[in-house]
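Numbering (full-length UniProt numbering), first residue to last: 1 to 137.
In what follows, a structure is listed as structure tokens, so that the remarks can point back to it.
Set out below in structure tokens:
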């Protein structure tokens, strides 16, 4: 009489091989996830910049995209900057995007926490800046 099935030794060998393959694949999978999160954050930030510019042109007013709590890693807000003096509590918030902490966003200059567009869609302050999106620590 012949029985179909696996022996305990065969099963243990398969489990050991699966464990080894999982250990080999885990580091590259983590890097892939970190890279995907950083790319998603960069795309969301670029979309926020485009939205701020479009809102400025549509409303023909100054619209400012600024870092929440002066840190781009916390997220950003798009506000209608009626007085043109930068963000304050009286400015209406058009869009707010809180960052979930999956990626870090840093500026190439100190104390640059906002990007403003006028009603024509051009930058109000002509300064060169770069925002870097990095993997969270």
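From the three backbone atoms N, C-alpha and C, an ideal C-beta is built for every residue, glycine too.
Residue i, buried or exposed, once every other Cβ within 10 Å from all chains shown has been counted against 16
i: residue 31; result: exposed
i: residue 66; result: buried
i: residue 99; result: buried
i: residue 27; result: exposed
i: residue 88; result: exposed
Three-state secondary structure assigned by DSSP to residue i
i: residue 11; result: helix
i: residue 4; result: coil
i: residue 83; result: coil
i: residue 100; result: coil
i: residue 123; result: strand
i: residue 91; result: coil
i: residue 114; result: strand
Beta-carbon separation (whole angstroms), residue i vs residue j, contact threshold 8 angstroms
i: residue 45; j: residue 131; result: 6 angstroms
i: residue 79; j: residue 64; result: 5 angstroms
i: residue 97; j: residue 76; result: 6 angstroms
i: residue 114; j: residue 86; result: 6 angstroms
Residues near residue i in its chain [Cβ-Cβ closer than 7 angstroms; skip 5 each side]
i: residue 118; result: 56, 62 and 124
Close beta carbons around residue i, own chain, < 6 angstroms, minus the five adjacent residues each side
i: residue 84; result: 62
i: residue 133; result: 38, 41, 42, 103 and 105
i: residue 135; result: 34 and 38
Spatial neighbours of residue i in its chain, beta-carbon cut-off 8 angstroms, leaving aside the 5 residues before and after
i: residue 53; result: 63, 117 and 121
i: residue 8; result: none
i: residue 49; result: 65 and 115
Could you give the uninterrupted runs of the beta strand (DSSP E) lying entirely in the segment 13 to 79, keeping only those of 3 residues or more?
63 to 67
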